[in-house]
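Since the structure comes first, as structure tokens, the remarks are kept for the end.
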Amino acid sequence: MALPARAWSVTISAHDGRPTVTCSVCHSFAARPGIPVPRQARHHLAGHLLGTPLPAHLRTCQCREHGCVWHRPPTACSGPLALLLICSDNGRTWRLADACRGCSRSIPHAATVPEPPRAAPLTSSPPPAELTADHGEWVEAL
Ligand SMILES: [Zn+2]
Ligand SMILES: [Zn+2]
Ligand SMILES: [Zn+2]
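Numbering that gives the first Met the number 0 numbers the first residue of the sequence shown as 0 and each following residue consecutively.
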């Protein structure tokens with residue numbers, strides 16, 4: 000089994016005239032009316048992040064794991080890892096992933112985002128994947 004990795008992406012498309020969010024790892028769902036679709040997409044990414052607690056020493060630069068295709072030209076993969084929110088395809092694709100500082104600086108439309116509240120250090124019982132009020136605020140800041 001592959002090591003868990005913290006990298007997810009969602010793509011917003013239109014399906015039968017309705018905005019649809021397609022996730023790279025689980026499923027697609029129709030966007031709810033009344034809420035900006037990009038926000039729903041980011042919420043979905045945040046849910047995956049919260050549901051995948053990973054100790055810091057197991058995190059790797061997900062840009063490098065994907066062959067550094069997220070940026071041109073290639074750059075030195077170096078520096079501390081941070082959580083990166085990347086917007087591409089004119090806002091249709093959103094990606095949340097661990098990336099090193101070297102790659103982060105080269106990826107267009109990327110912003111470093113803070114770790115969610117209480118994500119680290121890991122406790123013996125993993126936190127539930129539901130969004131709490133704290134998490135809600137954190138997500139809104141994305
Ligand atoms: Zn998903
Ligand atoms: Zn890279
Ligand atoms: Zn890197």
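Heads up, the beta-carbon is just placed ideally off N, CA and C, and yes, glycines get one too.
Length of the line joining the Cα atoms of residue i and residue j
i      : j     : result
Ala109 : Trp69 : 10 Å
His90  : Pro54 : Here the sequence assigns Gly to residue 90, which means His is not the residue at that position. Near 30 Å, if we compare the C-alpha coordinates of Pro54 and Gly90.
His65  : Ile11 : 21 Å
Leu49  : Thr74 : 29 Å
Cys67  : Pro32 : 36 Å
Ser23  : Leu80 : 22 Å
Gly16  : Cys76 : 41 Å
Under 8 Å between C-beta atoms of residue i and residue j
i     : j     : result
His56 : Val20 : no
Thr59 : Ala4  : yes
Ser27 : Trp93 : no
For residue i, the nearest candidate out of the options (CA to CA)
i      : options                       : result
Ser103 : Ser27, Pro54 and Leu83        : Leu83
Ile106 : Leu48, Pro32, Pro72 and Gly78 : Pro72
Cys86  : Leu80, Leu48 and Ala40        : Ala40
Gly78  : Asp88, Arg100 and Arg38       : Arg100
His14  : Ser23, Cys25 and Ala30        : Ala30
Asp88  : Arg17, Gly33 and Pro37        : Pro37
Ile34  : Val24, His47 and Pro18        : Pro18
His47  : Glu64, Ile11, Gly66 and Cys25 : Cys25
Any non-hydrogen atom of ligand 3 closer than 7 Å to residue i Cβ
i      : result
Gly101 : yes
Arg63  : yes
Near ligand 1: residue i beta-carbon under 7 Å from a heavy atom
i     : result
His42 : no
Beta-carbon contacts of residue i that lie in its chain and below 7 Å, excluding the five residues immediately before and after
i     : result
Thr51 : Pro3 and Arg5
Beta-carbon contacts of residue i that lie in its chain and below 6 Å, excluding the five residues immediately before and after
i     : result
Cys62 : Trp69, Ala98 and Cys102
Contact test: residue i Cβ vs ligand 2 heavy atom, cutoff 7 Å
i     : result
Arg71 : no
Thr10 : no
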